[in-house]
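In our numbering, the protein residues as written are 287 to 476.
The structure under discussion appears below in the form of structure tokens.
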């Protein structure tokens, strides 16, 4: 049996190593456009399923298990992607400042004709962030490739007042849900 992580995310890889899995990395390059009027949860689940399907086309052995995930940060049912520039980062952080937002991570585990799916949804409460702080954070480089312009596992943790839900799901791979899906396939971690 081999396991393939359909993601280039170093954070997802770290989480898989944390639970003792050996795996290969094979990122799925897909169109991540949001469909018109697509609910946030539907979008994140579609992205994870599409990543798994693309990886399955490259790794068709019946002994290969594919793990794919997608994480979306949303506020007021609006998806906050990765910032294109400083101005967009500052706008995102201003919209999150002093408010609660949602982080949804969908995970798919597939082996040939079987695909287990799960969704982790977590609330994240931010304290107030002033503009000078947001600019300093942008200069660290951390927000540039992060959905919602922050990383809970990095410097962005200083903005977080409280979370309700899955820390690993907010990072990008909900370990509780993932291990349940793997157990359904008789794969045990640790």
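Glycine included, every Cβ here is placed at the ideal spot set by N, Cα and C.
To the nearest angstrom, how far is the alpha carbon of residue i from that of residue j?
i, j, result
"residue 426", "residue 287", "41 angstroms"
"residue 349", "residue 396", "11 angstroms"
"residue 422", "residue 457", "22 angstroms"
"residue 436", "residue 301", "18 angstroms"
"residue 304", "residue 382", "30 angstroms"
"residue 415", "residue 346", "47 angstroms"
"residue 295", "residue 365", "19 angstroms"
"residue 322", "residue 380", "25 angstroms"
Compute the distance between the beta-carbons of residue i and residue j, then report whether it is under 9 angstroms.
i, j, result
"residue 339", "residue 393", "no"
"residue 306", "residue 467", "no"
"residue 312", "residue 344", "yes"
"residue 362", "residue 330", "no"
"residue 359", "residue 434", "yes"
If you run the structure through DSSP and keep just helix, strand and coil, what is residue i?
i, result
"residue 318", "coil"
"residue 426", "coil"
"residue 329", "helix"
"residue 388", "strand"
"residue 402", "strand"
"residue 343", "helix"
"residue 441", "helix"
"residue 450", "strand"
"residue 435", "helix"
"residue 381", "helix"
"residue 457", "helix"
"residue 475", "coil"
"residue 479", "Any question about residue 479 goes unanswered here, given that the chain covers just 287 to 476."
Quickly, what does DSSP pair residue i with across the bridge? List them, please.
i, result
"residue 310", "290"
"residue 366", "359"
"residue 506", "Nothing about residue 506 can be reported from this structure: the residues present for the chain run from 287 to 476 only."
"residue 412", "446"
"residue 407", "390"
Considering only C-alpha positions, which residue in the set the options is nearest to residue i?
i, options, result
"residue 477", "461, 371, 388, 459", "Residue 477 is absent from the structure shown; the chain starts at 287 and stops at 476."
"residue 368", "391, 441, 463, 430", "430"
"residue 342", "399, 469, 411, 326", "399"
"residue 449", "359, 411, 460, 379", "411"
"residue 420", "336, 371, 308, 304", "371"
"residue 440", "290, 293, 297", "297"
"residue 390", "380, 407, 336, 401", "407"
"residue 404", "289, 308, 470", "470"
"residue 317", "360, 289, 335, 327", "335"
The ligand NAD and residue i: does any heavy atom of the ligand fall closer than 8 angstroms to the residue's C-beta?
i, result
"residue 307", "The ligand NAD is not part of the structure shown, which contains no ligands of any sort."
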